[in-house]
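Residues -24 to -1, 1 to 271 (mature numbering (1 follows the signal peptide of the UniProt record, and there is no 0)) are what the sequence shown spells out, left to right.
We put the beta carbon where it would ideally sit given N, CA and C, even for glycine.
Computed from a predicted model, the values in this text were never measured in an experiment.
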Amino acid sequence: MAMGGAIWWCIVLYLAMATACCSADPKSSFDDNFSIMWSENHFKTSEDGQIWFLSLDNDTGCGFQTKQKYRFGWFSMKLKLVGGDSAGVVTAYYMCTEDGAGPTRDELDFEFLGNRSGEPYLIQTNVYKNGTGNREMRHKLWFDPTLDYHTYSILWNSHQIVFFVDKVPVRVYKNADYENNFFPNQKPMYLFSSIWNADDWATRGGLEKTDWKKAPFVSSYKDFSVDGCQWKDPYPECVSTTTQHWWDQYEAWHLTKDQKLDFGWVERNLVIYDYCKDTERFPTLPEECSLSPWD
């Protein structure tokens, strides 16, 4: 994979984080940025408060969300996923306009789908606009995400949404130059993460069930970083002047040359499922499938 793209993003992020007015300190405590959504007794932190653990057992899972909501920006977290036999377990890392699966929500999803020991871990991404999703993609990873922490990030501006794994773009979701029903860019979103049981669909379509004898299943997190437009009612100033911020300047509207090389490698080697190529499910493909991620 190309290294230039990764170096470019490191420089951009360093400069942005040094000057941003609405960014989170990666060394800040959990309580500075997040609230527990449910099952506080399934949440723990390291002694220094810098690593956060969510656990799932046959009673319940756990989840947290940011105290602030944002419209556009760069959102990043390091995760280490459940190791061993984690069939049926889903760790979700996502952005959403509300707490709960409301009928008109906008949402940007990373979902990490558990596996039987020795089988590949899959990531599923999805995009919702006004409650409509069904825009799934699935990818393999080029590493074991249970052995160490890896960085999962979302770039969101009015031109594109890009899902990154360790600064490598794995999915590009473009906007059109007209009002549409597929690109979420009007509503501010919180950032969430959770761990939960989804053995009715997550592993081999639900054929592999969660082995509760292996519980508790634990995912861990650290180094949350956000550089975005923090929402303030009724309409934050930064949203109307987004070109002042690196994440909505021209260079962030498209993939760079080196990012395109990395993205091409992902497309050739890691894509397991792409809804835009599923003509059985969609005899008429959704309109956004005609937009090129390369433009």
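Along the chain, where does the alpha helix (DSSP H) that runs through residue i open and close?
i	result
residue 235	233 to 245
residue 7	6 to 9
residue 215	213 to 216
What are the boundary residues of the beta strand (DSSP E) that includes residue i?
i	result
residue 203	193 to 206
residue 165	Taken as a continuous stretch (DSSP letters only), residue 165 belongs to no beta strand (DSSP E), as it is neither H nor E.
residue 69	65 to 72
residue 268	Where residue 268 is concerned, there is no enclosing beta strand (DSSP E), given that its DSSP letter is neither H nor E.
residue 149	144 to 150
residue 226	Counting along the chain, residue 226 falls outside any beta strand (DSSP E), and DSSP gives it neither H nor E.
residue 104	98 to 104
residue 140	136 to 141
residue 21	19 to 21
residue 51	46 to 56
residue 116	113 to 116
residue 183	Where residue 183 is concerned, there is no enclosing beta strand (DSSP E), given that its DSSP letter is neither H nor E.
residue 159	Neither: residue 159 is in no beta strand (DSSP E) and is coded neither H nor E.
residue 85	83 to 89
Does DSSP put residue i in a helix, a strand or coil?
i	result
residue -4	Residue placement at residue -4 cannot be trusted, given a pLDDT of 41 that sits under 50; what the coordinates show is reported in the next sentence. Coil.
residue 190	helix
residue 154	coil
residue 253	helix
residue 16	helix
residue 132	strand
residue 41	strand
residue 172	strand
residue 219	helix
residue 122	coil
residue -12	Unreliable positioning characterises residue -12 in this predicted model, as indicated by a pLDDT of 43, which lies under 50. The coordinate reading is nonetheless provided below. Residue -12 falls in the helix class under three-state DSSP.
residue 258	coil
residue 31	strand
residue 108	strand
residue 127	strand
Check each candidate in the options and name the one with the smallest Cα separation from residue i.
i	options	result
residue 104	86, 43, 214	86
residue 26	190, 175, 5	5
residue 205	166, 14, 82	166
residue 53	225, 109, 245, 203	203
residue 67	151, 171, 8	171
residue 121	214, 193, 59	59
residue 129	216, 232, 199	199
residue 276	177, 173, 227	One cannot answer for residue 276 here, as it falls past the ends of the chain, which runs -24 to 271.
residue 65	180, 268, 261	180
residue 193	243, 201, 90, 256	90
residue 46	127, 207, 178, 255	207
residue 262	127, 96, 76, 149	149
Suppose the cutoff is 6 Å on Cβ atoms and the five residues either side in sequence are ignored; what does the same chain contact list for residue i look like?
i	result
residue 114	98, 100, 248, 249
residue 119	none
residue 125	54, 56
residue 251	111, 112
residue 102	85, 109, 111, 112
residue 50	131, 203, 223
residue 195	30, 57, 58, 67, 171
residue 265	252
residue 88	57, 67, 99
residue 176	182
So, for residue i: in the same chain, excluding its five sequence neighbours on each side, which residues have a beta-carbon less than 7 Å away from its beta-carbon?
i	result
residue 81	72, 73, 74, 104, 107
residue 228	131, 133, 222
residue 94	none
residue 61	92, 93, 187, 190
Can you list, in chain order, the residues of its chain with a C-beta nearer than 8 Å to that of residue i? Leave out the 5 residues immediately preceding and following it.
i	result
residue 36	14, 15, 18
residue 210	none
residue 220	214
residue 157	105, 106, 108
residue 83	70, 71, 72, 73, 102, 103, 104, 109, 160, 165
residue 12	19, 38, 39, 40
query: Three or more C-beta pairs closer than 8 Å, one from the stretch 138 to 152 and one from the stretch 13 to 23: is that the case here?
result: No: the two stretches stay apart, fewer than three of their Cβ pairs being nearer than 8 Å.
- prompt: Between the stretch 38 to 51 and the stretch 185 to 193, do three or more beta carbon pairs fall short of 8 Å?
  reply: No, because fewer than three Cβ pairs between the stretch 38 to 51 and the stretch 185 to 193 fall closer than 8 Å, the two stretches do not touch.
message: Three or more C-beta pairs under 8 Å: does that hold for the stretch 230 to 245 against the stretch 144 to 161?
response: Yes, they touch.
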